[in-house]
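Numbering (the working numbering), first residue to last: 216 to 288. Just so you know, even glycine gets a beta-carbon here, dropped at the ideal spot from N, CA and C.
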Amino acid sequence: MEEEQNILFVKREQDGGVTLYVDEDWAAERGADPAQLVKVPIPRELYASGTVQQLREYAATYLESLDKSNSSS
Numbered sequence: 216m217e218e219e220q221n222i223l224f225v226k227r228e229q230d231g232g233v234t235l236y237v238d239e240d241w242a243a244e245r246g247a248d249p250a251q252l253v254k255v256p257i258p259r260e261l262y263a264s265g266t267v268q269q270l271r272e273y274a275a276t277y278l279e280s281l282d283k284s285n286s287s288s
C-alpha cells in the first residue's frame with residue numbers, strides 16, 4: 216500500500232534555497248510565478264509533524280533528484 220502524501224509547491228531560489236507554498240494561489244499572492252513552481256509530494260507523517268526545516272530539506276532533495284534524472288536522460 217502506498218503511503219498517503221500531501222503536496223507542497225516549491226520554488227528553487229537563485230541562492231539554492233527553496234520556498235514552500237501550500238498552493239498555487241497562495242504562491243501567486245506572494246509574487247511567485249506559478250510556472251516556476253514544482254509540485255512536491257510530501258509524506259503525510261513529515262507534513263503533519265515535521266519542522267519547516269525538515270520540509271525544506273525534503274523538498275530540496277526531491278528537486279535535486281529531479282535535476283539528476285533530467286540531466287541523465
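### Task
Within the same chain, show all residues whose beta-carbon is closer than 7 Å to that of M216, passing over the 5 residues directly before and after it, in chain order.
In this prediction, M216 has a pLDDT of 43, which is less than 50 and means its spatial position is unreliable; nothing more can be read from the coordinates.
### Message
Once DSSP output is grouped into helix, strand and coil, what is the label at R227?
### Response
Of the three classes helix, strand and coil, the one that applies to R227 here is strand, per DSSP.
### Query
Is it buried or exposed for I257, if we count other Cβ within 10 angstroms and need 16 for buried?
It is buried - the Cβ of I257 has at least 16 other Cβ atoms within 10 Å.
### Message
So, with DSSP's three-state summary, where would you put T266?
### Response
Look at T266 here: in three-state DSSP terms it is coil, with no helix or strand label.
#### Entry: Straight-line gap, T276 to D240 (C-alpha atoms, nearest Å)
Separation of T276 and D240 (C-alpha to C-alpha, rounded to the nearest whole angstrom) is 24 Å.
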